[in-house]
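Each residue of the sequence shown is one higher than the last, beginning at 32 in the working numbering.
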Amino acid sequence: MQAKNALEKSTLDLTLMELIYLRVSQINGCAFCLEMHSKALRKAGVNQAKLDALAGWRVSHHFSEQECAALAWAESVTHIAETHAEDNVYLPLLDHFSAPARVKSAI
Numbered sequence: 032m033q034a035k036n037a038l039e040k041s042t043l044d045l046t047l048m049e050l051i052y053l054r055v056s057q058i059n060g061c062a063f064c065l066e067m068h069s070k071a072l073r074k075a076g077v078n079q080a081k082l083d084a085l086a087g088w089r090v091s092h093h094f095s096e097q098e099c100a101a102l103a104w105a106e107s108v109t110h111i112a113e114t115h116a117e118d119n120v121y122l123p124l125l126d127h128f129s130a131p132a133r134v135k136s137a138i
C-alpha cells in the first residue's frame, strides 16, 4: 500500500501508473489486480486494443516511447533477481522522466 500511495503522489501520469500496475499484475498472475487495473484503465479512456496488446508491448504500435521505457523498467524491477535492473533498461527513463518519477516508478 505504501508503494501505491507513493506512486499516486508522484509526477507519473495516472494512466501510465495503471499501465505499469497492470503489466506487473500480468507478470505476477494476480487475477484480482488484473481486473482492478483493467477497469481503471478503461474508465480512464484507454481502448481495449491497447489493453489487449499490453503483454506484447515491445512489438505493439499502441505504446509510446515513454510508456515502453516505463514498462521495460517495471518488468526489469519485477524480475530483479534475474535481470539485476541493468543500465540499458534504466537509461531510457532519463529521456522521459524526472528523477523523482524514476524513483517512484521503481517502488
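Even for Gly, the Cβ is constructed at its ideal location relative to N, Cα and C. Being a predicted model, the structure only gives us computed values, none of them experimental.
Under 8 Å between C-beta atoms of A84 and S91: In this structure, the beta-carbon distance from A84 to S91 falls below 8 Å.
Which of helix, strand or coil does DSSP assign to Q33? Model confidence at Q33 stands at a pLDDT of 48, short of 50, so the residue's coordinates are unreliable; what they give is reported in the following sentence. In the three-state DSSP reduction, Q33 falls in the helix class (H, G or I).
Using the C-alpha atoms, what's the distance from D126 back to L53? Near 23 Å, if we compare the C-alpha coordinates of D126 and L53.
Host alpha helix (DSSP H) of S56 (start-end): Note, S56: alpha helix (DSSP H), 45–59.
Selected residue, minimal CA-CA separation from S56, among T114, H68, Y121, E117: In terms of CA proximity to S56, H68 leads the group T114, H68, Y121, E117.
Measure from the alpha carbon of E86 to the alpha carbon of each residue in A71, L102, L72, then state which is nearest. Reading off the sequence shown, one finds Ala at residue 86, where the question assumed Glu. The candidate whose alpha carbon is nearest that of A86 is L102.
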